[in-house]
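*Asks:*
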Amino acid sequence: MTTTIDYKDLAVRLQEQFGEGFTASTDCLEVPPNLVAKAAEYIKNMLDFNYFDMVTAADYPDRFELIYRLQSLSHNVLATFKVICSRENPSVPSLANLWLGASLQEREIYDLFGIEFSGHPNLKRIVLWDDFEGYPLRKDFKGKVYGTAN
Amino acid sequence: MALPTEPFILNIGPLHPSTHGVFRMRVTLDGEIIQDVEPVFGYLHRGLEKLCEKYTYKQNIPLTDRLDYVSAINNNWPYVMAVEQLGGIVVPQRAEYLRVIMGELQRIASHLLAVGSLMNDMGIFYTAFMYMFREREKIIDLLEMVSGQRLLYNYMRFGGVSMDIPTEFLPALARFLKVMPGFLDEYDSMLTGNEILLSRTKGIGVMSSEMAINASASGPMLRGSGVKWDLRKDAAYSVYDKFEFDIPIGQNGDCYDRYRVRMEEMRQSLRIIHQAVEQMPAGKEKLPVPLRLRPAKGEVYTQIEAPRGTLGCYLVSDGTEKPYRCHFRAPALINLTVLRNLLIGQKLADAIIIFGSIDISMGEVDR
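Chains as they are written, first to last, in this note's numbering: chain F, 868 to 1017; chain B, 429 to 795.
#1: Quick one: measure Cβ to Cβ for B/S644 and F/W966, integer angstroms, because I've assumed they're closer than 8 Å.
#2: Could you tell me whether the Cβ of F/A906 comes closer than 8 Å to any Cβ of chain B?
#3: Suppose you measure from the CA of B/A760 to the CA of B/E792; what does that come to, to the nearest Å?
#4: On the DSSP letters alone, give me the boundaries of the beta strand (DSSP E) that B/G737 sits inside.
#5: What are the residues of the region 430 to 452 of chain B that lie near chain F, defined by any Cβ-Cβ distance shorter than 8 Å?
#6: Which residues, in chain order, does the region 753 to 766 of chain B contribute to contact with chain C at a C-beta distance below 8 Å?
#7: Run through DSSP, which three-state label would F/C952 get?
#8: Quick one: what's got a C-beta closer than 7 Å to F/L980's C-beta in the same chain, skipping five residues either side?
#9: Counting only Cβ pairs nearer than 8 Å, list the residues of chain F close to B/D475.
#10: Does B/G784 pass the burial test, meaning 16 or more other C-beta atoms within 10 Å, or should it be called exposed?
#11: Once the 5 residues before and after F/L971 are set aside, which same chain residues still bring their CB inside 8 Å of it?
#12: Please tell me whether B/S666 has its Cβ less than 8 Å away from any Cβ of chain F.
#13: Can you pull the chain F neighbours of B/I641, defined as C-beta to C-beta under 8 Å?
#14: If the cut is a Cβ gap below 7 Å, which residues of chain F does B/W657 touch?
#15: List, in chain order, every chain B residue whose beta-carbon is nearer than 7 Å to that of F/M921.
#16: Between which two residues does the beta strand (DSSP E) carrying B/Y497 extend?
#17: Within this structure, are the beta carbons of B/I462 and B/Q774 separated by less than 8 Å?
#18: If you follow the alpha helix (DSSP H) that B/A537 is in, where does it begin and where does it stop?
#19: Which value, in whole angstroms, describes the spacing of the CA atoms of B/D493 and F/E887?
#20: From what residue to what residue does the beta strand (DSSP E) around B/H755 run?
#21: Are any of the Cβ atoms in chain F nearer than 8 Å to that of B/K478?
#22: Mind pulling the chain B residues with CB within less than 7 Å of F/I910?
#23: What span of residues does the beta strand (DSSP E) with B/R651 cover, start to end?
What follows is the structure, given as structure tokens:
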């Protein structure tokens, strides 16, 4: 069965490596945006988290939250990470160079939330067309209204 | 004297029989060899995740059917599991068994379609496909018996399933379980040693296990490359820990292995259904849940092993009657990540087969 990693222990280990900023809670570890690339490399290579399960985003009134789920298939261990970025010019480093599996998912978040993934090899809109205006999954998105529905 | 050449750009799809829906590949060719591939998505984008924020929790169940329309029951599952975890809803044991039985029937139906259309792609036009549909029809009849629908079943509910099985279901299922292994043997004798299949799939589209893991492939794509990873065993949800079954894996990671994994998974699904029917307790199929459900604030992520791979649902509740955020981890989209790496350097005719062996469903890719 899958076990979840001990976030407090992981936070201590990451802080020893990269300094302050990691906040552990009961079900995830918060990583500051400027340390994402370094921490991800450490988590992949040193802790053997070889499987990038998923990444998604959520829009809150004051912030964007990115939720990363990484897995180690060989040890069957799971870890959830959160990255919080501001709503003005949101940008986080891309992890597509570490895990290929992140590339299409990051493009999808870029398309629907407008969060930029710096260093992504092919950051383009994926499901919407190129000159589409706005980012539909943001809460303040106002789309075209068809018919009488709100 | 060498003639000057230049790369040729070819659009495959979006409306093409081999693209399994409305998928488009922009292929750069040098003669017959593929130099570059650019997948183009979005022709079936309906904004499903945005729609989920507009409707109430219960109204969203039929929306999830429309993700991967050839395995609708499996799509309901992570969503209802997520809401049940958020709302602290208990599922009766009988309902868990019913979910497993229907989910595995749906997996067989989905794999039959996958294998049948793969045969179409390699030029065994519609003969194999109609054989597969003969049995798929029987499964659809069974699912119609329990849900009243034939494609999008809208079967699961929070705290159970929409309705209990009718009295004629179990005898009909027993008849199906009796004949199905014989039909699988028939496919094996007809296809598995088939000259066309062997020469078109052996050694084609080879994906190493490292590449499969790195590209987050899941389902038969991952297992075909020799990685023994199945959520039904490794992160057992529902009542899957009570059944005995094997996880078939491939050795070479080529199209043939993916095909074999699917064929073998159907047999394992039959084993699971046998055991589930035997163990299924009497009792209620559904516990009452308020129509205007307001789960507690919080977030949850659940995942199941769908026919195409790991299907997950990330759900955020803000305490109102509508989800604040609902995201689906779509295995079909993520399995396509590796398409470009698999296709470059291959021949155009093989591209169709490699793409077919990934087995995507556009409803899930674009959402």
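Where is the CB? At the ideal position from N, CA and C, for every residue including glycine. Remember, predicted model here, so these are calculated numbers, not experimental data.
*Replies:* On the basis of the data shown:
#1: 7 Å
#2: For F/A906, the nearest beta carbon of chain B is not closer than 8 Å to its own beta carbon.
#3: 6 Å
#4: 737 to 745
#5: none
#6: Reference to chain C is not applicable here, since the protein chains of this structure are F and B.
#7: strand
#8: Residue identity check: residue 980 of chain F is Phe in the sequence provided, not Leu. These residues qualify, in order along the chain: A924, D926, F931, Y1002, L1004, R1005.
#9: The question names Asp, but residue 475 of chain B is Gly in the sequence shown. Within 8 Å Cβ-Cβ: P1003.
#10: So B/G784 ends up on the buried side.
#11: Listed in chain order, the non-local C-beta contacts of F/L971 below 8 Å within the same chain comprise I993, local neighbours out to five positions each way being set aside.
#12: For B/S666, the closest Cβ of chain F is not nearer than 8 Å.
#13: Chain F residues near B/I641: N917, Y918, L940.
#14: Annotation: Cβ neighbours of B/W657 in chain F (cutoff 7 Å, chain order): L940.
#15: G740, R757
#16: From DSSP, B/Y497 is part of no beta strand (DSSP E); its letter is neither H nor E.
#17: yes
#18: 521 to 549
#19: 45 Å
#20: 751 to 757
#21: yes
#22: Those do not exist, as F/I910 stays about 14 Å from chain B at its closest Cβ, beyond 7 Å.
#23: B/R651 -> not in any beta strand (DSSP E); alpha helix (DSSP H) instead, spanning 648 to 652.
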